[in-house]
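Here is the structure we will look at, set down as structure tokens.
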Amino acid sequence: MQIATWNVNSIKMRAEQVLGWLSDTQTTALLMQETKTLDEAFPREAFEAAGYRVFTCGQKTYNGVALAVRAEAVDAVEDIVCNIPGYPDAQKRLIAATLQLRDGRRLRVASAYFPNGQEVGADKYLYKLEWIAALTLWVRRELAREPLFVLGGDFNIAPSDADLWNPAEWRGKILASAPERSAWAGLLAAGLEDSWAQGLHAPETYSWWDYRMSAFEKNHGMRIDHLLASHAVIKDMDDVWIDARPRALEKPSDHAPVVMRISWPL
DNA sequence: ATGGCGTACACCGTACGA
0 MQIATWNVNS
10 IKMRAEQVLG
20 WLSDTQTTAL
30 LMQETKTLDE
40 AFPREAFEAA
50 GYRVFTCGQK
60 TYNGVALAVR
70 AEAVDAVEDI
80 VCNIPGYPDA
90 QKRLIAATLQ
100 LRDGRRLRVA
110 SAYFPNGQEV
120 GADKYLYKLE
130 WIAALTLWVR
140 RELAREPLFV
150 LGGDFNIAPS
160 DADLWNPAEW
170 RGKILASAPE
180 RSAWAGLLAA
190 GLEDSWAQGL
200 HAPETYSWWD
210 YRMSAFEKNH
220 GMRIDHLLAS
230 HAVIKDMDDV
240 WIDARPRALE
250 KPSDHAPVVM
260 RISWPL
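Positions 0 to 265 (numbering that gives the first Met the number 0) are the ones given, in order, by the first sequence.
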């Protein structure tokens, strides 16, 4: 079984690349962010024709999250929620669903698009911290009833200076500020583990590169997309990596997929 | 200090992003 998260930066622009990548990698469940599309305009038929079920929580122009799940891997998909329960928000940044897997396991997955925050101290920054606090409370509740849980997405947080190509310039700034890193630690304290900590990774491995100034070619990137999971998932994880290949295509998303392989035979 | 690039909506430029 393979689970991936990918900020696609407009699903209408990227559907062909995403479907090609799913076909190449045989990914079981893909968590998408920044679909930037109303649910009725999501290219659902193309995903279904490729053998995936799709669940969307979208809006016009901005934000938007979605799940694509291989139909043959699940008996049912249940308890779908759009946005954080109890946290009303016009911005669509979370979708979760429980996958009743063909092997009998129940796995809850959540795709999250964390607010960017714009600048430390800005209104959008306060919203970011408030949103993460609400998410953390929700994660605690979910973990109490769903032992197999994965939270993946574009966190818009670089957990350590090693996750920035130029940490000196980002010290204390948005994506790297102490309150954001403390919020990250709070998510782990709620009962999640960072899948990345399980693997051996080359230094300067990133998940996002600016479109400008040939940042990808120079590997001027950041690692801000993550897969967290409960221990019951992490203990069965074989590998985790970032697939930078799609970033080198024509008209790419500025983010690359983060992928985890779990030993369950699906 | 700005823009550098890309996307969306719909203006023929603005908002937003990380």
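Beta carbons are placed, not taken as given, at the ideal position from N, Cα and C, and that holds for glycine.
Pair within 8 angstroms by beta-carbon distance, residue i and residue j
i	j	result
residue 93	residue 111	yes
residue 62	residue 253	no
residue 229	residue 185	no
residue 242	residue 264	no
residue 57	residue 49	no
residue 198	residue 160	no
residue 67	residue 79	no
residue 207	residue 220	yes
residue 0	residue 173	no
residue 128	residue 84	no
residue 75	residue 131	no
residue 152	residue 32	yes
residue 118	residue 124	yes
residue 245	residue 20	yes
residue 55	residue 46	no
DSSP beta-bridge partners of residue i
i	result
residue 2	28, 259
residue 12	Note: residue 12 sits in no beta bridge, so no partner.
residue 241	257
residue 247	None; residue 247 has no bridge partner.
residue 141	Looking at the DSSP assignment, residue 141 forms no beta bridge with any residue, so it has no partner.
residue 55	65
residue 221	163, 207
residue 236	261
residue 112	153
residue 192	228
Own chain partners of residue i with C-beta closer than 6 angstroms, once the 5 adjacent residues on each side are dropped
i	result
residue 3	26, 29, 256, 258
residue 225	154
residue 88	82
residue 235	261, 262
residue 338	There is simply no residue 338 to check, as the chain begins at 0 and stops at 265 in what is shown.
residue 86	133
residue 139	189
residue 215	208, 246
residue 77	97
Own chain, CB closer than 8 angstroms to residue i, minus 5 neighbours either side, in chain order
i	result
residue 187	193, 227
residue 73	52, 98, 99, 100, 101
residue 218	164, 203, 205, 208
residue 90	58, 61, 62, 114
residue 142	148, 189, 190, 191, 229
residue 18	45, 46, 49
residue 43	53, 55
Cβ-based neighbour list, residue i, same chain, cut-off 7 angstroms, excluding 5 preceding and 5 following
i	result
residue 248	16
residue 233	192, 194, 197
residue 59	37
residue 13	7, 252
residue 23	none
residue 222	157, 162, 204, 205, 206
query = Is there contact here, the stretch 93–108 with the stretch 128–148, by at least three beta-carbon pairs under 8 angstroms?
reply = yes
inquiry  = Closer than 8 angstroms is the cut-off here; do at least three beta carbon pairs connect the stretch 156–168 with the stretch 28–45?
reply    = no
request  = Spell out a yes or no on whether the stretch 211–218 and the stretch 132–143 are touching, meaning 3 or more CB-CB pairs, one atom from each, closer than 8 angstroms.
outcome  = no
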